[in-house]
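Some notes on the structure that comes next.
There are 2 protein chains.
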Amino acid sequence: MKASDAVIQLAALAQESRLNIFRLLVVAGTDGLTPGKISEELGIPAATLSFHLKELSRAELIDARQESRYIHYSANYQQMNQLLGFLTEKCCAGKSCELKPNTTAKGSSPKPKRKQASK
Amino acid sequence: MKASDAVIQLAALAQESRLNIFRLLVVAGTDGLTPGKISEELGIPAATLSFHLKELSRAELIDARQESRYIHYSANYQQMNQLLGFLTEKCCAGKSCELKPNTTAKGSSPKPKRKQASK
DNA sequence: TTCATGCTTCCATTATTATGGAAGAATCGA
DNA sequence: TCGATTCTTCCATAATAATGGAAGCATGAA
Numbered sequence: 001m002k003a004s005d006a007v008i009q010l011a012a013l014a015q016e017s018r019l020n021i022f023r024l025l026v027v028a029g030t031d032g033l034t035p036g037k038i039s040e041e042l043g044i045p046a047a048t049l050s051f052h053l054k055e056l057s058r059a060e061l062i063d064a065r066q067e068s069r070y071i072h073y074s075a076n077y078q079q080m081n082q083l084l085g086f087l088t089e090k091c092c093a094g095k096s097c098e099l100k101p102n103t104t105a106k107g108s109s110p111k112p113k114r115k116q117a118s119k
Numbered sequence: 120m121k122a123s124d125a126v127i128q129l130a131a132l133a134q135e136s137r138l139n140i141f142r143l144l145v146v147a148g149t150d151g152l153t154p155g156k157i158s159e160e161l162g163i164p165a166a167t168l169s170f171h172l173k174e175l176s177r178a179e180l181i182d183a184r185q186e187s188r189y190i191h192y193s194a195n196y197q198q199m200n201q202l203l204g205f206l207t208e209k210c211c212a213g214k215s216c217e218l219k220p221n222t223t224a225k226g227s228s229p230k231p232k233r234k235q236a237s238k
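Chains Z and B, in that order, give the protein sequences. 119 is the number that this note's numbering gives the last residue of the first sequence; the numbers go up by one with no jumps. 238 is the number that this note's numbering gives the last residue of the second sequence; the numbers go up by one with no jumps.
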């Protein structure tokens with residue numbers, strides 16, 4: 001994954017409405033939800049919602065699937081996976097730092113090893 | 120974690136320079152790096168870098184630690200953990216969907232269960 | 001065809017963010 | 001105290017993004 005792609009995905013999520021939409025879809029599972037349902041659930045006007053769904057689609061964080069008159073949007077779990085992996089890549093230069101992103105964090109900060117600050 | 124906090128953190132990462140800075144610090148480990156070193160590494164002018172470091176600090180994704188004349192910035196692994204956890208919360212409404220963020224994704228998309236689209 | 005429904009595109013307005021030069025601290029060595 | 005080094009704040013400019021009403025398009029029902 002390229003950094004520029006990650007930026008697009010992060011930017012897509014860095015907006016309250018879009019983050020709510022995405023999280024709703026993450027919970028909804030692979031069936032997804034229609035814009036109407038999302039609008040109803042989150043109280044976002046149709047035009048605004050459409051704009052945000054397009055942003056999330058552009059980032060490939062969600063998929064759209066036409067089903068008769070309805071469009072079903074669903075979370076793209078694979079893309080999200082890759083994004084999360086990208087953020088923790090080469091964490092701590094390979095030393096074990098107990099970084100377990102999918103876990104409720106419970107103070108996993110290793111003691112700093114003392115080392116002289118020098119140029 | 121509140122959605123608004125997540126938005127702040129995601130926005131902090133949704134910028135190419137800042138994402139590069141953050142990833143550099145993730146790799147650097149708990150000792151962190153000085154702005155001088157980061158600037159040298161990424162070729163970002165001092166003023167711009169300072170601005171971005173402030174953004175990352177505000178989001179609490181990085182910590183700053185003064186050490187004599189130098190400031191050491193380091194990744195806040197715990198915050199990142201919480202952010203990643205937040206994104207995958209209640210994933211697929213509890214059904215197993217094999218979402219393992221810290222793993223290289225290898226096509227973990229379950230078959231969609233058919234279900235009628237209805238209001 | 002005609003109508004209702006579901007969703008998108010258009011567009012103008014408003015708000016937020018990025019950039020980097022210049023000047024201003026703060027710290028340390030001599 | 002002086003000067004060098006390191007980093008931050010200030011500021012103006014430029015660029016990008018969010019919002020939602022109105023109009024448009026596509027689908028399906030009758």
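In this text, a Cβ means the ideal position worked out from N, Cα and C, and glycines have one as well.
Residue B:142 holds the alpha-carbon nearest to the alpha-carbon of residue 84 of chain Z among B:142, B:120 and B:123. Look at residue 31 of chain Z here: in three-state DSSP terms it is coil, with no helix or strand label. Taking a 10 Å sphere around the C-beta of residue 174 of chain B, we find 16 or more other C-beta atoms and assign the residue as buried. Contacts with chain Z at 8 Å (Cβ-Cβ) do not include residue 166 of chain B. Counting only unbroken stretches of 4 or more residues, the alpha helix (DSSP H) elements lying wholly within the stretch 147 to 214 of chain B are 154 to 161, 165 to 177 and 196 to 206, in sequence order.
For residue 66 of chain Z, no CB of chain B lies under 8 Å from its own CB, so it is not counted at the interface with that chain.
Going by beta carbons, residue 193 of chain B and residue 171 of chain B fall outside the 8 Å limit. Near chain Z, meaning a CB-to-CB distance below 9 Å, the residues of the stretch 199 to 210 of chain B are 199, 200, 201, 202, 203, 204, 205, 206, 207, 208, 209 and 210.
Spatial neighbours of residue 189 of chain B in its own chain (CB-CB distance under 7 Å, excluding positions within 5 residues in sequence) are listed in chain order as 153. With respect to the 8 Å criterion, residue 161 of chain B and residue 140 of chain B are classified as neighbours on the basis of their beta carbons.
If you check the CB distance, residue 14 of chain Z and residue 146 of chain B do not come in under 8 Å. Contact between residue 168 of chain B and residue 158 of chain B holds: CB atoms are separated by about 5 Å, below the 8 Å threshold. One thing to note: residue 12 of chain Z has its Cβ within 8 Å of the Cβ of residue 59 of chain Z. Out of B:150, B:148, B:185 and B:138, the CA that lies nearest to the CA of residue 163 of chain B is found in B:138. In the DSSP assignment, residue 9 of chain Z falls within the unbroken alpha helix (DSSP H) covering 3 to 13. For the 8 Å CB-CB criterion, residue 206 of chain B and residue 10 of chain Z do not form a contact.
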